[in-house]
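Below you'll find the structure, written out as structure tokens, and then a few comments.
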Amino acid sequence: MNKYPLNRRIFLWTSLGTALGMSSRQAKASSDRENSSARQMKPQTRTRLVDQPQVKRDFRKDGRSRKVVFVAHCVLNQNARHVDCADFPALMKPLLAALEAQEIGIIQMPCPELMALGLGRDRDVPPLDTIREALELPEASSRLQPSLDQIVYLVKEYRWQGFEVVGVLGKNGSPSCGVETTSLKTGLAPGEGVFIRLLRNRFVKEGIKVGIRGVDDHRQQEAIDWVSRQIAHLK
Ligand code: SF4
72 MNKYPLNRRI
82 FLWTSLGTAL
92 GMSSRQAKAS
102 SDRENSSARQ
112 MKPQTRTRLV
122 DQPQVKRDFR
132 KDGRSRKVVF
142 VAHCVLNQNA
152 RHVDCADFPA
162 LMKPLLAALE
172 AQEIGIIQMP
182 CPELMALGLG
192 RDRDVPPLDT
202 IREALELPEA
212 SSRLQPSLDQ
222 IVYLVKEYRW
232 QGFEVVGVLG
242 KNGSPSCGVE
252 TTSLKTGLAP
262 GEGVFIRLLR
272 NRFVKEGIKV
282 GIRGVDDHRQ
292 QEAIDWVSRQ
302 IAHLK
């Protein structure tokens, strides 16, 4: 026989249940508080790679040469050239073979004309009669800014990580990528293309010193010799 009357037993169970319920709710609330403050702490205690992408490493321990060169897009892809102007099916083979022999990594710059004026660009699209004039327009210039930013970033990052940037190889005769020669309304002439001029100006502004040289489609050996001299100079 239970020594407590029924109404007393009900009271005791209710009190015990309430007390147990409260303590588990309190424990849960306290654990929620801890989790939430741990979540709030995370950004301060852990730096994510995406927030700090420039982590310096020692790249001397694996097989890479730690040498890179920037090349005009069409050195690796003649399909980007404007209509009737591709001299080769796909690549500039002698130059690429020489870069491979010297174990230089190749960074393909974007094709400025393709990015600003499209693949169907040519001199006959009114109201301008040269690609150069079209590229000088502010709209074209602003389309080239991301490419310039990308090249500047890559030069800085590779150098900061201890790599050699051998140089930039443009494409002589081009209204955009010409270095020693370019195209004017009157034809081939000494001077720089629009993109190379913008790139050189950016390098000066950013305090970057990188050699720039043009490749001639049918005199690639001159650019190959220049690369060899750059390599010798870096040693
Ligand atoms: S020379 Fe420059 S603009 Fe012309 S196709 Fe090559 S990369 Fe493009």
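Those letters in the sequence shown? Residues 72 to 306, by my numbering.
Using N, Cα and C, we set each Cβ at its ideal position, and we do this for glycine too.
Quiz item: Between V154 and D129, what straight-line distance do the alpha-carbon atoms span, to the nearest angstrom?
Solution: Indexing the sequence shown from 1 puts residue 154 at position 83. Indexing the sequence shown from 1 puts residue 129 at position 58. Roughly 45 Å between the two C-alpha positions.
Self-check item: Helix, strand or coil at F274 [DSSP, three-state]
Solution: In the sequence shown, residue 274 corresponds to position 203, counting from 1. Looking at F274 - three-state DSSP - the assignment turns out to be helix.
Self-check item: Same chain only: Cβ atoms within 7 Å of R273, ignoring 5 sequence neighbours per side
Solution: For the purposes of this step, residue 273 is taken as the residue at position 202 of the sequence shown. These residues qualify, in order along the chain: L219, V223.
Self-check item: Where the beta strand (DSSP E) through L206 begins and ends
Solution: Against the sequence shown, residue 206 aligns to sequence position 135. Note, L206: premise wrong, no beta strand (DSSP E); alpha helix (DSSP H) at 202-206.
Quiz prompt | Integer Cβ distance of M163 from V146, believed to fall under 8 Å | solution = Mapped onto the sequence shown, residue 163 falls at position 92. Mapped onto the sequence shown, residue 146 falls at position 75. Right, the Cβ-Cβ distance comes to about 5 Å (below 8 Å), so this counts as a contact.
Self-check item: Own chain residues within Cβ distance below 7 Å of V226, not counting five before or after
Solution: Mapped onto the sequence shown, residue 226 falls at position 155. So the qualifying residues of the chain are V236, I279, V281.
Quiz item: Can the beta-carbon of K242 be found closer than 7 Å to that of V286?
Solution: Here residue 242 refers to the residue found at position 171 of the sequence shown. Here residue 286 refers to the residue found at position 215 of the sequence shown. Against a cut-off of 7 Å, the Cβ pair of V286 and K242 comes out as a contact.
Exercise. Using the DSSP secondary-structure output, state which residues sit across from V286 in a beta bridge.
Key: Position 215 of the sequence shown, counted from the start, is the residue given in the question as residue 286. BP columns for V286 point to K242.
Quiz prompt | Local conformation of A98 per DSSP, three classes | solution = Taking the sequence shown and counting its residues from 1, one reaches residue 98 at position 27. For A98, the predicted structure reports a pLDDT of 49, less than 50, and the residue's modelled location is therefore unreliable. A value from the coordinates is still provided. In this structure, A98 counts as helix in the three-state DSSP scheme.
Practice problem: Tell whether a beta-carbon distance below 7 Å holds between P183 and F266. | Solution: Walking along the sequence shown from the start, residue 183 turns up at place 112. Walking along the sequence shown from the start, residue 266 turns up at place 195. Yes. Within cutoff.
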